[in-house]
Amino acid sequence: MTKHVTRAALALLLAAPFAVHAQANKAIDFNPQMPFSDAVVAGKTLYVAGQQGPATSGPTKGKLDGLAIEEQTANTIAAIQRLVEKAGFKMSDLVNVTVYITDLNDVPRMNEVYKKLMPNPKPARATVKVAGLIGDAKIEISAIAVKQ
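Shown next, in the form of C-alpha cells:
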C-alpha cells in the first residue's frame, strides 16, 4: 500500500509543473433563448460577437429602419463598448475588429464615425462587403480584446 501511495505522490509531483490552471469561460449577456452569447471572456481575451446598431431611443427604438450608416456605426460601436466594459475590459484593449458592411459606398462615412469613436491606437481591422445582414442592417462589427 505504501508503494502505491509513494508512486501516486511522485506522479503528482512530476506532473505539477505541467498542470494548467483551468478557468471557465464567462459568457457576457447570454440569453438562453439565443444560440450564441454576445461576448465571451476566455482567460485574458474577450470575444465580442457581431453587434449591430439599432436606434437606442424614440419610436424606432430597437429598429434599424431608416437609420443612416453614421448612426448605425455609432450605435454599433456603443454596443461593443457596453459589452467590453461589462466584461471588465477597456476599449483600448481591442486588438482586432471585423466590419461587415452591405454597401462599399458607405465605407467613407462609416470610417469618419469609426475614427472618432475608436481609441488610438486603432485595433487591426478587416472590412468585408457582404450581400446582407440580419435585420437589414447596413453594418455589423465583431471584435477581440486582450487585457494587458
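Quick note on numbering: the sequence shown equals residues -22 to -1, 1 to 126 in mature numbering (1 follows the signal peptide of the UniProt record, and there is no 0).
Yeah, the Cβ is synthetic: ideal placement off N, Cα and C, and Gly gets one too.
Taking a cut-off of 8 Å for Cβ pairs, the stretch 71 to 90 and the stretch 117 to 124 touch, as three or more such pairs fall below it. Contact fails between the stretch 106 to 113 and the stretch 4 to 23, because fewer than three Cβ pairs, one in each stretch, are under 8 Å apart. The beta strand (DSSP E) runs lying completely inside the stretch 40 to 117 and spanning 3 residues or more are 72 to 79, 102 to 107, given in chain order. DSSP places A27 in the uninterrupted beta strand (DSSP E) bounded by 23 to 29. Collapsing the DSSP output to three states places K125 in coil. Taking the Cα of A52 as reference, the smallest distance to any Cα among K64, G110, Q29 is reached at Q29.
A distance below 7 Å between beta-carbons, with the five flanking residues on each side excluded, links V73 to the following residues of its chain, in chain order: P101, A102, I122, A123, V124. For S15, the enclosing beta strand (DSSP E) covers residues 15 to 20. Only exposed fits F8, as fewer than 16 other CB atoms lie within 10 angstroms of its CB. For E63, the closest C-alpha among the options T34, G110, L24 is that of L24.
Look at S35 here: in three-state DSSP terms it is coil, with no helix or strand label.
Apart from the 5 residues on each side of it in sequence, D84 sits with its Cβ closer than 7 Å to the Cβ of I47, K116 in its chain, given in chain order.
Excluding five sequence positions before and after F67, the CB atoms of its chain that fall closer than 7 Å to its own CB belong to L24, A123, K125, given in chain order. The Cβ atoms of G110 and T76 do not sit closer than 8 Å to each other.
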